[in-house]
Structures are given as C-alpha cells and as structure tokens.
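In our numbering, each residue carries its 1-based index in the sequence shown increased by 20.
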Amino acid sequence: MPSHKPIPYATQWIDENDIEAVVKILRSDWLTQGPTVEKFEKRVADYCGAKHAVAVCNGTAALHLACLALDLKPGDTLWTSPNTFVASANCALYCGANVNFVDIDPRTYNLSLKKLRQKLEVAARRKKLPKIVIPVHFAGQSCEMAEIFKLSKRYGFRVVEDAAHAVGARYRNRPVGDCRFSDVAIFSFHPVKIITTGEGGMLLTNRRDLYEKFLRLRTHGITREPRFMRGEPHGPWYYQQVELGFNYRITDIHCALGLSQMKRLEKFIHRRRQLARRYDKLLAGLPLTLPWQHPGAESSWHLYVVRLQLDKIQKSHLQVFEELRAAGIGVNLHYIPVHTQPYYRQLGFRPGQFPEAEKFYTEAISLPMFAKLTNAEQDCGVKVLREILV
Ligand SMILES: *Cc1c(COP(=O)(O)O)cnc(C)c1O
C-alpha cells in the first residue's frame, strides 16, 4: 500500500473565486444562453488573437461542428494522427465521411510532416486527397503548422487544429488558437485539460462564414437573423431552421467557471512549465526517453510523457505501469492508437499500419502533470519510478 495520498495523473484546480463566480450565475437571471457565454468566448478569442470564438458543450462537439461547417460529407476523407483521443477521428464518422491516419514523428509524437507529405503525394496520384486534416497538438506541443498550412494550399485541404491539450501553448511566438495556419482550432475544457468548465469546448476561427455557421449549428441550425432566412420574417417571434444542427450549447454556469479559470491560465502554464523542467532534471540518467521539444513550439504541458527504454530495463512496460499505480502514482497512457480500437478494426484498419504510433504505445507512460501538483508530490513520484526502474 502506498504511504502517501494517491497522486492522480491530472486534475482540475478550483479555487474560491471559481466557486464564487459559479454561484453568482446561479443567483442571476441567465443560466444558459446569457451574457456569460459571450464574455467567455471573447476572453478566449482575445487571449488567442483569433477573430471569433464559439463555446460549445464539449471538445468533441467542437470537432463535429468544425467538420460540418467545412462541409465534410459521405465520400470525403479526413486524416488525423493515430496518437490521439478517439474524438479526433470520430468527428469524421459523425459526418458519414471516411477516416485515415498519418503516422507520428518519433520525436514529437505528433503527426509526422514527412509521412504527411508522402501520403499526400500518393493520394494526389490516386485522386483520393483528404478534405480535412486534423493535426493534434499532442501533450500541448504544437504541430508544425506553417508547413502543414503550406501543404493545405498545395493540395487543397482544410486544417482543423485539435488543440484540446494546447490551451496556453505557443507556436512561433504566437498563441495556439490564433488560427494563423488553420481554418479552425478547437479546445476542450474537460477537468483534466489546462483550464476547465466541467465539460466544455471552444471553436476558434478567423473566418466570418465559419463563425456564423458554428453559431447556427450549435443550436439546431436555427437562425433569428433575417439575412439568413428564406423569405420575410413573420414577426418578432420568428425563427427559421435553415440547416440540420444540434443542441451543442454550453451554459452560463460552465462559462462563468471558464472565465474565472482564464484569470489563472498564465499561472497554470507557468507552473506546468516549471514541473516539466523539474521532471527533465529529476529523471535525467534514468532509462527513459524524455519529451523532446520542437524549436518552434512552447508546450502547455498538458501531459508529461516518458518512454521506457525497454532494452535497458529488466521489467515490462505493463509491470512498470502496474507498480507505479500500486504505489499510488496515478500514471496513465496516452494513447492507444485509434486505428487499433475494435470499432476501427471493424472499419478495416489493422495493427502494423502505423508502426511509430504502435511502438510509442508499447513504451509510453504519462506521469502526473497538473498545475496543482506540488514539488513534494512530484519528488515522491520520481522516487517511486526510480526505485522501480533501477
Ligand atoms: C479531450 C480531448 C478531446 C475531446 O474533448 P472533450 O471535451 O472531452 O469532448 C478531443 N481531442 C483530444 C486530443 C482530447 O484530448
């Protein structure tokens, strides 16, 4: 049995100001579709330097709406990384489109630029180019967006950044989410992510047309604006459903929490960077491959993932993982390659198709990483890991 309180791999940090902000909404007139949603949207858009932001009920809904607004349909194809949460691929299936994957770069664990180029060349010859590519900023480290953007112009695909891990991250000295190199970027505010709203997500874009689509699709495809209607409005009560949308709304309660958390975003990121640097130092010399950072990227450190150098260790990956959990260190594994999931196998995918992502899966362990993690807790985790490894 562990001699300390179990340490999770990730958890939220809620303070009294957050609680007060939520309670204030509960005492107000608007629980949903009120002014706090827009305030939160504006706050995040300003932070990122994007023109528009639309908040939705979770990150998965944001991915779905991004695909819909970019007109992803049956017969179209979306490419993403196999090293991600299933949502980055499922959004294509929701639209009746096909999914394919681009294997990862063994240094960054993000979708490999080299493999993307090769796959695009082949796809162009076969006239099977993707309509959308979703680069996933794994662990909070941005993909090489400038290069992906260039490829998108050359091959004519749209780019949706899955920035669920990357709130507060930077790329080439600008915030992730500014959409300088993409059509849309999405965030998630699940409690394990950088800031939380309980459940929540956000779409960011610089395109007015997409922004207006997101607003409609978030609420059933309904508009109250005459310029989007067919014919004249009947009166002040009037609305029209002009396309098929969903109820993907978020509440003012959630957004009040998000707004309050935004005040501490810089502090959260600063602490995560500190913890990452501490891990780098404390783990140096162990039979582990530590995270590598691309020169253009400044990670938000959603995750700190180490890879076991199994040829230098007397134990298996599973053993190390189980021993850490048994000692109360709440490690996790990001990610099971999406194409190996039974549902995806049923679509025709096979193990062996994306070997770098599969190899990564056999070696990776996500160590505890969250802003509230103390130095003492981190030291404790490192001590346990060291004892297990040597
Ligand atoms: C969390 C996450 C999502 C989905 O976000 P939810 O808010 O949980 O729906 C999508 N992509 C990645 C990479 C994620 O980590």
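Positions of the beta carbon are idealized from the N, C-alpha and C atoms, including for glycine.
Relative to ligand 1, residue 386 has its C-beta separated by 7 Å or more from all heavy atoms. Look at residue 196 here: in three-state DSSP terms it is coil, with no helix or strand label.
Residue side-chain check: residue 210 places its Cβ nearer than 7 Å to a non-hydrogen atom of ligand 1. For residue 274, the shortest C-beta to heavy atom distance toward ligand 1 is 7 Å or greater.
Taking 7 Å as the cut-off, the C-beta of residue 78 counts as close to a heavy atom of ligand 1. Counting of Cβ neighbours within 10 angstroms places residue 233 among the buried residues, the total reaching 16 or more. Scanning 410, 238, 240 and 260 for the CA closest to the CA of residue 247 turns up 260. Straight through space, the alpha carbons of residue 242 and residue 253 are spaced by roughly 13 Å. Take residue 121, set aside five residues on each side of it, and the residues of its chain with a beta-carbon closer than 6 Å to its own are 102, 359 and 374, in chain order. Put simply, the backbone Cα of residue 45 is about 46 Å away from that of residue 126.
Here DSSP, grouped into helix, strand and coil, assigns residue 323 to coil.
Counting along the chain, the unbroken beta strand (DSSP E) around residue 181 starts and ends at 178–182. DSSP, read as helix, strand or coil, puts residue 276 in helix. Between residue 226 and the set 244, 65, 271 and 293, the nearest pair of CA atoms involves 65. DSSP lists 190 as the bridge partner or partners of residue 318.
Fully contained in the stretch 223–264 is no beta strand (DSSP E) run of length 3 or more. Residue 382 carries a coil assignment under DSSP once its states are collapsed to helix, strand and coil.
Checking the 7 Å criterion, the Cβ of residue 216 is out of range of every heavy atom belonging to ligand 1. The shortest CA-to-CA distance from residue 85 to any of 114, 202, 130 and 53 is the one to 114. In the three-state reduction of the DSSP assignment, residue 172 falls in the helix class. In the displayed model, residue 24 falls within coil according to three-state DSSP, outside both helix and strand. The beta carbon of residue 391 sits no closer than 7 Å to any heavy atom of ligand 1.
Close CB contacts of residue 139 within its chain, under the 7 Å cut and outside five residues either way in sequence, are with 122 (chain order).
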